[in-house]
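One structure is given below, encoded as structure tokens.
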Amino acid sequence: MTTEILSVKDGVEKAAKILLSGGIVAMPTETVYGLAADGTNSAAVKKIFEVKGRPSDNPLIAHVHKDYDVSALVHIRQDYVYDLIKAYMPGPLTLVMESKGVICKEAVAGGDTLAIRMPSHEGCQKLLRAVNIPLVAPSANLSKHTSPVSAEHVFNDLNGKIPLILDGGRCSGGIESTVLDVTGNVPRILRAGLITREMVEKIAGGCEIAEHKEGDKVKSPGVKYRHYRPKCDTALFEIDETDKAAALYETELARGRTPYIMCSDDVAEKFKGKNLLLLGKGGDEIAFNLYDKLLDGEKKADIIIAVAFGRCDGVYLGIMNRLKKSCG
Ligand code: TXA
Ligand code: MG
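In the numbering used here, the protein residues as written are 20 to 347.
Structure representation (structure tokens):
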């Protein structure tokens with residue numbers, strides 16, 4: 020199979036046709052690229068799991084356009100859910116609710132909940148409107164690899180395996196959506212992301228962070244898997260360990276290998292003259308650059324030596340979750 024890359028403008032009709040006839044297509048969103056299929060079509064959904072090599076017990080998120088009536092897909096049991104939808108959707112927020120069973124069982128991994136998201140990316144909205152059905156989509160990478168934030172990243176992983184990549188430019192967010200369990204009295208973050216705990220608290224009055232204990236009513240199976248890993252070796256240091264990071268860099272160099280330091284602009288000074296993958300400054304910019312730098316790094320480095328930021332508040336919670344899994 021040859022994999023075509025088309026701009027949203029040139030490809031949206033073709034993409035809709037493929038999706039409505041049971042095929043799969045990569046689409047842009049504001050977080051990362053997704054690999055989409057008709058969420059009501061078991062055979063189409065199975066193709067996603069096959070192509071990615073994804074474990075079948077890890078459920079998918081259903082994506083809908085901004086005027087889609089989500090109450091057709093799920094039971095909304097908590098009043099704060101309406102406030103969250105009003106405040107943050109469309110946007111990088113995914114809500115887990117009790118499913119009405121419209122989305123096929125393969126997509127929800129046989130569970131009784133469904134995760135729903137309304138991407139804000141204009142090209143994605145165009146596609147969702149054109150099909151007017153919920154599209155289930157995981158990130159458009161091979162399972163365990165770093166998530167793609169450009170059409171080229173998708174191509175590198177899935178060339179020859181899917182017919183079409185809709186190119187909607189570089190993703191503005193850079194890490195996946197926040198997955199929030201909203202089945203209980205207090206919303207609970209299952210996967211941290213760009214909609215922060217603080218942002219949820221402001222609207223819903225409270226917000227917990229899941230520790231994924233045995234016996235939890237709603238789990239996010241995805242968090243138990245190794246994830247986001249670049250193809251080269253990695254190491255991770257805290258911000259007060261820049262000396263250790265620099266020492267490892269020198270050791271690797273002495274062994275004849277090519278190391279790269281990945282860090283924020285704030286500590287770049289400490290690694291003067293070294294190979295650098297610079298993440299920028301501040302949470303939003305670091306999130307935007309993280310996967311792009313990991314995917315750039317795996318092409319030229321034998322080892323990426325990442326240096327963290329000394330904080331876990333706001334967007335940094337999601338960033339640190341990804342950094343620990345990709346480099347820790
Ligand atoms: O930003 C995003 O969310 C991207 C773009 C493409 O929309 N999608 C994405 O999908 O990251 P994926 O499949 O790579 O990650 C989905 C996460 C997994 O951790 C999965 O376990 C969790 O959401 N999830 C999906 N359905 C769930 C459910 N019913 N209950 C609990 N967790 C669920
Ligand atoms: Mg993923």
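Cβ coordinates follow ideal geometry from the N, Cα and C atoms, glycine included.
- Sequence-distant partners of HIS164 (beyond 5 residues in either direction) whose C-beta falls short of 7 Å from its own C-beta, in its chain, are ASP176 and ARG248.
- Those residues whose C-beta sits under 6 Å from the nearest heavy atom of the ligand MG are, from N- to C-terminal order along the chain, PRO157, SER158 and SER166.
- Of all C-beta pairs linking the region 46–57 to the region 186–202, three or more are shorter than 8 Å, placing the two stretches in contact.
- Short of 6 Å from the beta carbon of GLY110, and not among the five residues preceding or following it, lie these beta carbons of its own chain, in chain order: SER139.
- Setting aside the 5 residues that flank it on each side, ARG189 is surrounded in the same chain by VAL168 and SER169, each with a C-beta closer than 7 Å to its C-beta; the list follows chain order.
- Shortest gap from the CB of PRO182 to any heavy atom of the ligand TXA: 7 Å or more.
- DSSP places PHE290 within a helical segment (H, G or I) once states are collapsed to three.
- A residue is called buried once 16 or more other Cβ atoms fall within 10 Å of its Cβ, and CYS143 is buried on that count.
- In the DSSP assignment, the residues bridged to ASP252 are ILE322.
- The shortest CA-to-CA distance from GLY42 to any of LEU342, LYS291 and ALA63 is the one to ALA63.
- When the alpha-carbon of ALA273 is set against those of LEU103, LYS344, GLY347 and ASP321, the nearest one is in ASP321.
- Taking ASP102 as the centre and dropping the five residues before and after it, the same chain places the C-beta of ILE222 and ALA223 closer than 7 Å to its C-beta, in chain order.
- Distance from the CA atom of SER162 to the CA atom of LYS180, rounded to whole angstroms, is 14 Å.
- Per DSSP, the unbroken alpha helix (DSSP H) holding MET339 starts and ends at 334–346.
- Contact check for LEU146 against MET46 passes: the beta carbons are separated by less than 8 Å.
- In this structure, ARG73 places its C-beta atom within 8 Å of the C-beta atom of PRO157.
- Annotation for ARG274 indicates a beta carbon at 7 Å or more from all heavy atoms of the ligand TXA.
- In the DSSP assignment, GLU32 falls outside any beta strand (DSSP E) and lies within the alpha helix (DSSP H) extending over 27–39.
- Taking ALA81 as reference, the option from LEU267, ASP98 and LYS119 with the minimal CA-CA separation is LYS119.
- A straight-line Cα-Cα distance of about 15 Å links THR22 and ILE67.
- Contact annotation: LEU255 and ALA325 have beta-carbon atoms nearer than 8 Å.
- Look at VAL173: its beta carbon is at least 7 Å from all of the heavy atoms in the ligand TXA.
- Contact check for ILE305 against LEU298 passes: the beta carbons are separated by less than 8 Å.
- Residue pairing of PRO278 in beta bridges, as defined by DSSP: ILE322.
- Sequence-distant partners of VAL100 (beyond 5 residues in either direction) whose C-beta falls short of 7 Å from its own C-beta, in its chain, are LEU114 and VAL201.
- Under the DSSP definition of a beta bridge, ARG136 partners with HIS82 and THR113.
- Counting only the Cα atoms, GLY337 lies some 21 Å from MET116.
- The closest heavy atom of the ligand TXA lies 7 Å or more from the beta carbon of VAL83.
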